[in-house]
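Protein sequence lines, in the order shown, are assigned to chains A and B.
Using my numbering, you'd call the opening residue of the first sequence number 1 and step up by one each time.
Using my numbering, you'd call the opening residue of the second sequence number 115 and step up by one each time.
Note that CB positions come from ideal geometry on N, CA and C, so glycine has one too.
As the structure is a computational prediction, the values presented were derived from the model and not from experiment.
Have a look at the structure below, then the notes.
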Amino acid sequence: DSGVTQTPKHLITATGQRVTLRCSPRSGDLSVYWYQQSLDQGLQFLIQYYNGEERAKGNILERFSAQQFPDLHSELNLSSLELGDSALYFCASSASTGAWGEQYFGPGTRLTVT
Amino acid sequence: AQSVTQLGSHVSVSEGALVLLRCNYSSSVPPYLFWYVQYPNQGLQLLLKYTTGATLVKGINGFEAEFKKSETSFHLTKPSAHMSDAAEYFCAVSAGGYSTLTFGKGTMLLVSP
């Protein structure tokens with residue numbers, strides 16, 4: 001158990017809909033990262049927050065947004081969903097802001113868009 | 115920009131045999147290198163990392179990797195495979211500082227009795 005929790009575990013929704021994925025980092029970790037894992041694209045970095053502020057952006061679509069709240073939990077919002085958004089979405093947390101620190105991954109949320 | 119190439123999407127070994135998973139990277143600055151493992155239906159777990167210093171890095175579960183700058187490689191090895199090693203393995207690179215991780219496509223390790 002990494003100490004990172006993600007809800008829900010599974011999500012099935014229709015095209016055009018909007019969903020919110022939730023992540024609670026390990027106790028004391030200030031950095032939260034979001035990743036998308038799909039068969040064709042592999043594991044892609046989406047976005048990083050550190051102590052409530054956006055720190056780095058990766059291959060995140062404009063239809064996607066995220067935020068980190070004062071209690072350090074984070075939410076990833078996906079809107080106008082398309083079939084291609086079906087993937088496993090991971091949250092990871094780290095004590096550091098940089099990539100030298102170990103990232104602890106949650107179990108993921110499997111999103112299926114029908 | 116950084117990139118990672120993992121040679122072989124699937125590697126099959128027999129229990130007790132040497133495990134060798136290949137990773138080559140591209141980085142314009144001295145890289146930080148990582149190996150993560152993903153067991154079925156779980157998130158990724160750090161196996162080992164290289165930042166600076168000794169180029170031979172030992173990790174958990176008997177795995178080790180050697181940073182070879184001249185070959186831009188960071189191959190993962192284990193002398194003797196166990197059935198429990200069956201999982202997907204990801205190599206990742208970072209430029210250090212505040213940069214983020216770039217992952218390879220992953221290599222599925224299959225271990226047969």
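1. Using a Cβ cut-off of 8 Å, pull out every chain A residue sitting near F177/B, in sequence order please.
2. Can you find a C-beta in chain A that's less than 8 Å from the C-beta of T214/B?
3. Skipping 5 residues on each side, what residues in its chain have a beta carbon closer than 6 Å to that of G52/A?
4. Hey, does D68/A have any beta-carbon neighbour from chain B nearer than 8 Å?
5. Relative to chain A, which residues along the stretch 142-160 of chain B have a C-beta separation below 9 Å, given in chain order?
6. Check whether the Cβ atoms of S74/A and Y49/A sit closer than 8 Å, and answer yes or no.
7. Report, in whole angstroms, the separation of the C-beta atoms of S94/A and Y104/A, which I expect to be a contact under 8 Å.
8. Do C205/B and F188/B have their C-beta atoms closer together than 8 Å?
9. Using the Cβ count rule (16 or more neighbours within 10 Å means buried), how would you classify L161/B?
10. Check whether the Cβ of G84/A lies closer than 7 Å to any heavy atom of the ligand FAD, and answer yes or no.
11. Please state whether DSSP places N175/B in a helix, a strand or coil.
12. Just curious, the beta strand (DSSP E) that Y35/A is in, first and last residue?
13. Out of V19/A, T114/A and P25/A, which one is the CA nearest neighbour of D71/A?
14. From the DSSP output, in three-state form, read off G42/A for me.
15. Determine, for F217/B, whether the minimum Cβ-Cβ distance to residues of chain A falls below 8 Å.
16. In chain B, which residues lie less than 8 Å from Q48/A when you measure between Cβ atoms?
17. Closest to K163/B by C-alpha separation, out of A209/B, W149/B and C137/B, would be which residue?
18. Please name the residue, chosen from N155/B, Q120/B, A201/B and L135/B, that lies closest to K192/B on a Cα-to-Cα basis.
19. Quick one, which of L30/A, F64/A, I47/A and L76/A has its alpha-carbon nearest E82/A's?
20. Might you give, ordered along the chain, the residues of its own chain that have their beta carbon closer than 8 Å to the beta carbon of Q152/B, omitting 5 neighbours on each side?
21. When you compare the CB positions of S117/B and T216/B, do they come within less than 8 Å of one another, or not?
22. Give the range of the beta strand (DSSP E) segment to which H124/B is assigned.
Reading it off the structure:
1. The contacting residues do not exist; F177/B stays about 15 Å from chain A at best.
2. yes
3. Q68
4. The identity of residue 68/A in the sequence shown is Gln, whereas the question assumes Asp. Chain B contact via Cβ: absent.
5. Y146, F148, Y150, Q152, N155, Q156, G157, L158, Q159 and L160
6. Yes.
7. 7 Å
8. yes
9. Counting Cβ neighbours within 10 Å, L161/B comes out buried, since at least 16 surround it.
10. Here there are no bound small molecules, and the ligand FAD is not part of this structure.
11. helix
12. S31 to S38
13. P25/A
14. strand
15. yes
16. T214
17. Cα-wise, what sits closest to K163/B is W149/B.
18. L135/B
19. F64/A
20. L158, Q159, A201, E202, Y203, F204 and G220
21. Yes; because the gap between Cβ atoms is below 8 Å, this pair is in contact.
22. H124 to S128
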